[in-house]
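Just so we're on the same page, my numbering is the position in the sequence shown counted from 1, plus 1.
For each residue, glycine too, the CB sits at the ideal point set by N, CA and C.
Since the model is a prediction, treat every value here as computed from it, not as a measurement.
Scroll down for the structure; my scribbles are underneath it.
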Amino acid sequence: MYFAIVSLCTAAVIYGYCGWRLLVPLQLHSELAVAAWLSLTALALLPHLYLVYLRGSGAPGWVRDTVAWAAYLGLGFATITFSLLIVRDLGWILWLAIENLLASLTGDVCPAAVGVDPQARHQLLLRFNLGIFCLAVALTARGLYAARRSPPVVDVTVPVDGLPPSLEGFRIAQITDIHVGPTIKGGFVSAIVDIVNDLDVDLIAFTGDLADGSVQRHRFDVAPLARLRAVHGCYFVTGNHEYYSGVEEWVEEARRLGMIVLLNEHRIARSGDGELLVAGVTDYDAAGVVPHLPAHTSDPESALKGGPHGAVRLLLAHQPRSCTAAARAGFDLMLCGHTHGGQLFPWHSFVALQQPYVSGLHRLQQLWVYVSRGAGYWGPPMRLGAPSEITHVTLAKA
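Next up, the structure:
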């Protein structure tokens, strides 16, 4: 209920502001104005209607997917337009404030207060609005391309203290946040599998948010993951979205696909005389979503129990917020995702308020933390300022 209220209020602000700043200046006749505002209201309600009523319904798949595409493309375009309008309007307010300040200091009359033809001002506003609309269309197209293309490989070298010679050059492919759903299907997943298999890595880490919806609905689209191959196997940990659509079923599906699921536990990968402890924790927020499943309470220390003391310690987690407990437990490296790198401007700033890191490699005490921007996307099928990625991690001696 809380999420539904917040999403509705957010949509109301975004679409309402866009309508106020773009539709009102057009001075449409009453019938056209009513039609325009009703259309805008329908677009604002569409994501909520899809998520709450249609996604889990028995409606034909093509109906659900078509509505989802319309809802999320509209939301993405509106978000970009809203951001551009806010920047324009804040710039206008700042300019007026500076002119008023200068006028008060010099004793002159503010130029903006006199000699401005209202008709000319209105025409200027319309031209600005047209420019913003065209720019929003261009950015939407660019964001759609960035989200829908196959994720590029991002190479990351992590210097590890005390790394055994036999583990130097040990390579890990990290996949995270595919979000199989109404706009991401099996073809997208298959392309990711091909890219990862071509890397021919030692170990594959899948750090959560595989799909949005039930196993029954998305089993066909996640099936290509069964083709993943690595010398030391493919490991899987749960993300928050697994808990929204049947976590126990998704855990079993991951195992059926050949992945090793780590629920606050670890395995040992041996290379020569070197040992890599591969641990995994459940999602940071799991306890609040499934309190009836105490085994899913995220616990990095439990994931480490019984492990050899001399091993290099790798933790797979979904959210960057797990890093504090991971550092306290004594891990050397943590791979995570969840943030999408912000995915779509201006959400980068809001992600930074919730998570300690948004993307990239960071150091917390003795712990290295790498936050992947993810291979897929959630909601609007767009990425701006946060390109998708498949992460290729190489361990190196510090």
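With contact defined as three or more Cβ pairs closer than 8 Å, the stretch 339-352 and the stretch 124-132 are not in contact. Around the Cβ of Arg-384, a 10 Å sphere holds 16 or more other Cβ atoms; the residue is buried. If you draw a straight line from the Cα of Ala-287 to the Cα of Val-7, it comes to about 21 Å. Buried is the label assigned to Phe-189, since at least 16 other Cβ atoms lie within 10 Å of its Cβ. In the DSSP secondary-structure assignment, Pro-160 is bridged to Ala-397. Note that the C-beta distance between Ile-81 and Leu-140 is below 9 Å.
DSSP assignment within the stretch 314-353 yields the following whole alpha helix (DSSP H) runs of 4 residues or more, N-terminal first: 324-330.
In the DSSP assignment, Tyr-371 falls within the unbroken beta strand (DSSP E) covering 368-372. Scanning the stretch 200-250 from its first residue to its last, the whole beta strand (DSSP E) runs of 3-plus residues come out as 204-207, 235-237. At least 9 Å separates the beta-carbon of Val-394 from that of Thr-177.
By the C-beta criterion, the stretch 67-80 is judged to be in contact with the stretch 11-30, since at least 3 inter-stretch pairs fall below 8 Å.
Apart from sequence neighbours up to five positions away, the residues of its chain that approach Ala-174 with a beta-carbon distance below 8 Å are Val-197, Leu-200, Val-202, Leu-204, Ile-205, Ala-206, Ala-231, Ile-391, Thr-392, His-393, Val-394, ordered along the chain. Fully contained in the stretch 274-298 are the following alpha helix (DSSP H) runs of length 4 or more, in chain order: 287-290. DSSP places Ser-303 in the uninterrupted alpha helix (DSSP H) bounded by 301-305. Of Ala-330, Gly-75, Ser-191, Leu-91, the smallest CA-CA separation from Leu-368 is found for Ala-330.
Counting other Cβ atoms within 10 Å of its Cβ, Phe-221 stays below 16 and is therefore classed as exposed. Leaving aside the five residues that flank Pro-160 on each side, the residues in its chain whose CB is nearer than 6 Å to its CB run, in chain order, Ala-397, Ala-399.
Nearest to Phe-237 by alpha-carbon distance, out of Asp-210, Gln-356, Val-138, Asp-162, is Asp-210. Closest option to His-180, judged by alpha-carbon separation, among Ala-148, Pro-166, Val-154: Ala-148.
The way I'd put it, the stretch 89-96 doesn't touch the stretch 64-78; fewer than three beta-carbon pairs between them come closer than 8 Å.
Inside the stretch 60-110, DSSP marks no whole beta strand (DSSP E) run of 3 or more residues. Along the length of the stretch 170-205, whole alpha helix (DSSP H) runs at least 4 residues long occupy 187-200, reported in chain order.
Boundaries for His-123: no beta strand (DSSP E) harbours it, while the alpha helix (DSSP H) harbouring it runs 119-149, taken from the DSSP string.
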